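Following numbering that gives the first Met the number 0, the numbering of the sequence shown begins with 0 at its first residue and continues without gaps.
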Amino acid sequence: MHRRIIVPGVLASATLLLAIPASAASPSPGAPGIGDPYYPDYGNGGYDVSHYDLRLKYRPATDELEGTATLLVRATKDLSRFNLDFLLDVSEVRVDGAKASYASSGEHELEITPRKPVAKGTDFTVVVRYRGVPSEQEAYGFTSWHRTPDGGVAANEPEAAWWWFPSNDHPRDKATYDVSVQVPDGTQAISNGTLQSTSSRAGWTRYSWRSNKPQATYLATLAVGRFDLTTGTTESGIPVLNAYSKDLGDHAGAARASLERTGEVADWLTEYFGPYPYNALGGYVPNTDTGYALETQTRPFYSPRQFANGSNVSVVVHELAHQWYGNLVSVSGWKDIWINEGFARYAQWLWSEHEGEGTAQELADHVYASHPADDPFWTVKPGDPGPQNQFHGAVYDRGALALHVLRREIGDEAFFAVLKGWPRKYAHGNATVADFRRYAEEVSGKRLTALFETWLYEPAKPAAWTARTTPKAPDALVPPKSWKKIAATNGVHDTGHGHDHRHGRG
Ligand SMILES: [Zn+2]
């Protein structure tokens with residue numbers, strides 16, 4: 000009130016404002032979403048997480064999870080406030096040691112207001128204490144926490160973290176992880192990466208896992224239950240750790256007959272995609288009844304249902320292919336899902352050919368022929384399917400078909416050079432479908448705009464295609480095999496994988 004009439008004061012303030020450089024603009028709240036048009040409130044703006052340290056305790060009998068998350072963070076703007084994505088009950092938040100105020104908002108937002116604003120470029124630490132019953136938490140009407148008779152599992156795409164740790168939940172913000180979980184003796188806690196230690200005390204056993212390479216939030220996993228663990232190493236020396244629920248019933252044999260080939264499959268994939276990017280490998284099968292598998296980093300999640308008809312190495316191939324296509328190189332936005340699923344499906348086709356169960360060419364022909372022009376299958380655009388169709392079968396099968404057409408267009412030499420070069424070019428980062436097209440053009444020296452438009456973006460069945468080149472057997476290069484005649488749909492309808500009931504692809 001007074002300042003309004005004290006003219007010299009007003010002038011002095013104006014002068015002062017002009018003198019302040021633009022970068023010292025007053026701090027403002029970080030955005031409640033990272034800017035992905037498919038999921039506007041997923042992830043958050045204004046900061047970047049470099050490491051998550053999760054120190055937790057879980058009671059299988061009651062599904063209670065409690066503990067502390069410590070996040071190492073860098074501000075990317077001047078922050079008065081920022082959000083994490085989280086659903087459980089928070090009892091305390093500290094920012095650089097000082098208690099911060101916090102509030103829940105939206106479907107899954109935790110708004111944190113530090114005592115003092117955080118300046119752009121500052122490294123800071125966020126500690127969140129929390130507890131809750133994950134299976135009782137819903138957002139948008141679903142839960143990604145799967146309760147099992149002996150524990151629970153967090154595995155879903157694109158969202159799973161909200162149910163067990165506070166995060167910046169988008170693949171654009173990758174970080175390293177230490178996940179240490181106390182569970183009752185006789186129960187195991189499974190997560191990503193390397194099992195650093197186990198220790199028992201007073202009836203509780205602590206499992207401490209480390210995932211030491213950048214990892215997207217949806218690729219972080221936790222499973223608690225009664226598991227048998229097996230260990231081994233790949234030919235290239237990567238340690239393999241698999242975990243099987245003790246209660247897989249009739250599926251136990253088929254599950255082991257599949258996952259115990261993890262090392263062999265990973266070694267085989269290096270021929271196409273280059274060196275395996277992580278220092279740990281494996282898989283786990285809890286006793287859930289979910290219908291999908293998921294490429295959780297270094298240690299994919301498999302549902303027992305994947306093994307209902309006997310061994311299913313093809314699904315292992317799919318999830319391990321994602322370690323390069325999806326995990327090492329992640330989508331920039333969720334509309335880029337084809338650079339995950341089209342390639343993981345194509346790896347299954349190459350495996351089918353390797354196993355003598357149908358060539359990639361035969362499988363491509365099958366997909367093309369088995370969907371008539373009026374099939375809604377062709378209305379889904381793999382290059383931009385929309386959030387409701389993110390995991391539609393067309394993203395996988397038409398997506399793999401598009402890759403096969405690309406292979407025929409640019410020839411095997413360029414195609415396989417692209418497959419191997421891409422993970423190295425964008426290692427530990429993010430990329431778009433357009434980035435992939437440009438890279439394929441660079442390697443092949445061909446313009447590919449029209450091909451990508453026709454096969455990934457036209458909402459219609461492309462006209463029959465004329466191949467410019469003839470594919471060789473991918474193993475090429477190995478002594479020719481006489482391929483068995485394709486068994487109708489083999490390899491085509493392996494369950495792709497992961498997503499929740501909302502996006503569900505069954
Ligand atoms: Zn997949």
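Virtual Cβ for every residue (Gly too), placed ideally from N, Cα, C.
Quick caveat: nothing in here was measured; it's all calculated off a predicted structure.
Legend entry - Buried versus exposed, by CB contacts within 10 Å (16 or more), G224: buried
Legend entry - Nearest-angstrom Cα separation, counted from T197 out to K484: In this prediction, K484 scores a pLDDT of 26, lower than 50, which makes its location untrustworthy; the coordinate-derived value is nonetheless stated afterwards. Going by the C-alpha atoms only, they are around 49 Å apart.
Legend entry - Euclidean distance between Cα positions of Q343 and V417: One detail in the question is off: residue 343 reads as Ala in this sequence, not Gln. Taking the straight line from one Cα to the other gives about 15 Å.
Legend entry - N339 (DSSP reduced to helix, strand or coil): helix
Inset, instruction - Give a yes or no on whether the C-beta atoms belonging to P59 and T220 are separated by under 9 Å. - result: no
Legend entry - Three-state secondary structure (DSSP) of F435: helix
Inset, instruction - For T61, count neighbouring C-beta atoms within 10 Å of its own C-beta (all shown protein chains included) and say buried if the count is 16 or more, exposed if not. - result: exposed
Inset, instruction - Run the proximity test for N339: is its beta-carbon closer than 8 Å to any non-hydrogen atom belonging to ligand 1? - result: yes
Inset, instruction - Would you please state the rounded distance, in angstroms, between the beta carbons of G341 and A401? I believe it to be under 8 Å. - result: Contact flag correct, Cβ pair sits at about 6 Å.
Inset, instruction - Kindly indicate the opening and closing residues of the alpha helix (DSSP H) around K549. - result: Absent from the model: residue 549. The displayed extent of the chain is 0 to 505, so no value can be given.
Legend entry - First and last residue of the uninterrupted alpha helix (DSSP H) at E263: T261 to F272
Legend entry - Residue environment, T142, which counts as buried when at least 16 other CB atoms sit within 10 Å: buried
Legend entry - Those residues which DSSP pairs with K98 across a bridge: R93
Inset, instruction - Determine, using beta-carbon pairs with one atom in the region 166-173 and one in the region 86-105, whether at least three such pairs fall under 8 Å. - result: no
Legend entry - S207 to F390 span [Cα, whole Å]: 33 Å
Inset, instruction - Report the residue from Q387, A459 and G382 whose alpha carbon sits nearest the alpha carbon of A433. - result: It is G382.
Inset, instruction - Return the CA-CA distance between Q214 and E408, expressed in angstroms with no decimal places. - result: Cα to Cα, the separation comes out at about 34 Å.
Legend entry - Alpha-carbon spacing of K76 relative to T124, whole angstroms: 16 Å
Inset, instruction - Kindly examine ligand 1 and report whether one of its heavy atoms sits closer than 8 Å to the Cβ of A118. - result: no
Inset, instruction - Would you check whether ligand 1 has a heavy atom nearer than 8 Å to the C-beta of G202? - result: Checking every heavy atom of ligand 1 against the Cβ of G202, none is found closer than 8 Å.
Legend entry - Sheet register partners of I506 (DSSP bridge): Shown here, the chain extends from 0 to 505; a query on residue 506 therefore has no answer.
Legend entry - Rounded straight-line distance, which links the Cα of L53 to that of I336: Spanning the two alpha carbons is a distance of roughly 28 Å.
Inset, instruction - Can you tell me which of the three DSSP states K56 falls into? - result: strand
Inset, instruction - Using the Cα positions of R130 and A254, report the straight-line distance between them to the nearest angstrom. - result: 33 Å
Inset, instruction - Evaluate E356 with the Cβ neighbour count: other Cβ atoms within 10 Å of its Cβ, from every protein chain shown; 16 or more gives buried, anything less gives exposed. - result: buried
Legend entry - Collapsed DSSP secondary structure at W464 in the structure displayed: W464: coil per DSSP, three-state reduction.
Inset, instruction - Give every residue of the same chain whose Cβ lies closer than 6 Å to the Cβ of L258, excluding the five residues on either side of it in the sequence, and list them in chain order. - result: Result list for L258: N241 and G282, in chain order.
Legend entry - Identity of the residues DSSP links to S244 by a beta bridge: F226
Inset, instruction - Quickly, what does DSSP pair F164 with across the bridge? List them, please. - result: None, per the DSSP bridge assignment.
Inset, instruction - Answer yes or no: the CB of Y506 versus the heavy atoms of ligand 1, is any distance below 8 Å? - result: With the chain running from 0 to 505 in the structure shown, residue 506 is simply not present.
Inset, instruction - Note down, in chain order, each residue of its chain lying with its Cβ closer than 6 Å to the Cβ of S443, except the 5 sequence neighbours on either side. - result: These residues qualify, in order along the chain: I409 and A413.
Legend entry - Beta-carbon proximity check, N429 vs V328, cutoff 9 Å: yes
Inset, instruction - Put N211 into one of helix, strand or coil per three-state DSSP. - result: strand
Inset, instruction - Reducing DSSP to helix, strand and coil, say where W203 ends up. - result: strand
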